[in-house]
Structures are given as structure tokens and as C-alpha cells.
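Peer 1: A single structure is presented below for examination.
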Amino acid sequence: GENVEQHPSTLSVQEGDSAVIKCTYSDSASNYFPWYKQELGKRPQLIIDIRSNVGEKKDQRIAVTLNKTAKHFSLHITETQPEDSAVYFCAASTKAAGNKLTFGGGTRVLVKP
Amino acid sequence: GAGVSQSPSNKVTEKGKDVELRCDPISGHTALYWYRQSLGQGLEFLIYFQGNSAPDKSGLPSDRFSAERTGGSVSTLTIQRTQQEDSAVYLCASSPGRAGETQYFGPGTRLLVL
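Chains U and L are the protein sequences, given in the same order. Position 87 (the first sequence) corresponds to 87 in the working numbering; numbering is contiguous. Position 16 (the second sequence) corresponds to 16 in the working numbering; numbering is contiguous.
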């Protein structure tokens, strides 16, 4: 089955700096890659996603890149703000497997004012 | 519109008791997923439904776990003879199914087995 690795497990950045989280996946058939943000005690919230026919996607301060050949994808947050502090999860899924999500282990991001 | 809802929000039970967790998906969403998140850990797939059928139950940890979905809407996850290792947050998500794969999560049920 699919395996998703996520790095780093914790990330501390100064407000205004950029944060980058990287994930690798094992199943070359994976075709959908969402990123979720989870604040303490809250539900995971989708912040951005990318499909396998696209190499990059941007939404304001957030961008995701996908390298299908290398089977890795990354989340980039620019101009970080204290409210970006949360746990971020990457995930991968395949249509053939019913789109069930296999998650990375999560990255705890702390933005220091 | 209304998002995914789950009940109860918290459940404390004694070891050996049965519990039922409920999920109300977004109206019209044909796909429904259950995940488990242990304290400080990632999310682990349990089971998914397309309509009322469960094509993939591979993530259920043991035969004490079962789930059903009726009317293509509400789903219940049942844990029989609960054990302390069942303590976790149980999250439900729904998606439009064949019309789209984006999953929207409910707030979860926090289960504590004493």
C-alpha cells in the first residue's frame, strides 16, 4: 500500500520568514495530494491540494509543488504569521483505492513573533 | 452550508463496554471515510463507504470494530468490548465521491477508555 513520509517533524521560523515542508510517497499511481492544517483540538482543514497533472499551485502565501518522477511534493508558506502556527499534514490518494487518504506523520510549525 | 458533524464530541467509557460513534456527512456527498488520530499522532485510515457499501475495510484494527452507513447518509462506527488502546480521536470525512475527491473533516469524537 501507499506510504507517505513527511519532514521535518517540527519547524520553528521567525515571523515573516518562509516555511517549507516536504513529503515523499511510494505509490506511483497516487494522483491527488492535499495538505491539511490542524490547530490544537480542531478538525483538519484543507489548505491547498494538487493533482498529478499539475506541477505547481499557488494560493496567496501558500504554494505546493509536485515532482511525479521523484515522487515528492512540498508545501511552501511565505511571509509566515503567528496564525500559521499549527500542525500540517500532507496526504496522498489514488482513485483506484477509493481516494482514501494516506497521511504523513505531520509537521508542527511554530512561528515566533 | 452545513459541514460534516459528529456525535458525541467526547465519550468516556469503561474498558469492555461498547460504544457507537456517529457521523453526518455533507448533504449529497456519496463518499464517507473514518480515520483515527491517536494522541499527538497522524491520521490513520479505518474504512470508507461509497454510498452504503464499504469497498475497503482494511484499516479496521480488529474485529471489534465495525461500521455501517444507511440511506447513503449517516454512518456509525461501533467499537465492541473497548480497550484502553482504542482511546483516540475518531474523525469522519466526506467527499462528493466520483464528482470530486476533496475530503472535508468533521470535528471528531474524542474517545477515552478507562
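Think of the CB as a built atom: it goes at the ideal place given N, C-alpha and C, for glycine as much as any other residue. Bear in mind the structure is a predicted one, so any value in this text is a computation, not a measurement.
Which runs of the beta strand (DSSP E) fall wholly inside the region 77-101 of chain U and span at least 3 residues, in chain order?
Peer 2: 86-92
Peer 1: When you compare each of S5(L), N10(L), Q6(L) to S87(L) by their alpha carbons, which one comes out closest?
Peer 2: Measuring from the Cα of S87(L), the nearest candidate turns out to be N10(L).
Peer 1: Might you give, ordered along the chain, the residues of its own chain that have their beta carbon closer than 6 Å to the beta carbon of D49(U), omitting 5 neighbours on each side?
Peer 2: P34
Peer 1: Based on DSSP bridge pairs, tell me the residues matched to I62(U).
Peer 2: D59(U), I77(U)
Peer 1: Report the neighbours of D49(U) on chain L: residues whose CB is nearer than 8 Å to its CB, in chain order.
Peer 2: T102
Peer 1: Is the separation between the beta-carbon of G98(U) and that of Y48(L) shorter than 8 Å?
Peer 2: yes
Peer 1: From the DSSP output, in three-state form, read off Q103(L) for me.
Peer 2: coil
Peer 1: Do we get a CB-CB distance below 8 Å when we pair G106(L) with the residues of chain U?
Peer 2: yes
Peer 1: Counting Cβ pairs, one atom from each stretch, are 3 or more of them under 8 Å apart for the region 62-72 of chain L and the region 77-87 of chain U?
Peer 2: no
Peer 1: Determine the DSSP secondary structure at D86(L), reduced to helix, strand or coil.
Peer 2: In the structure shown, D86(L) sits in a helix (DSSP, three-state: H, G or I).
Peer 1: So Y90(L) contacts chain U; which residues on that side make the cut at Cβ distance below 8 Å?
Peer 2: Near Y90(L) there are no residues of chain U at all, since even the closest Cβ is about 12 Å away, more than 8 Å.
Peer 1: What are the complete beta strand (DSSP E) segments, minimum 3 residues, inside the region 4-45 of chain L?
Peer 2: 5-7, 10-13, 19-24, 31-37
Peer 1: Could you give the DSSP three-state label for D49(U): helix, strand or coil?
Peer 2: If DSSP states are grouped into helix, strand and coil, D49(U) belongs with the strands.
Peer 1: Check the C-beta distance from S94(L) over to L21(L) and give it rounded, since I have them as a contact under 8 Å.
Peer 2: That pair is no contact at about 15 Å.
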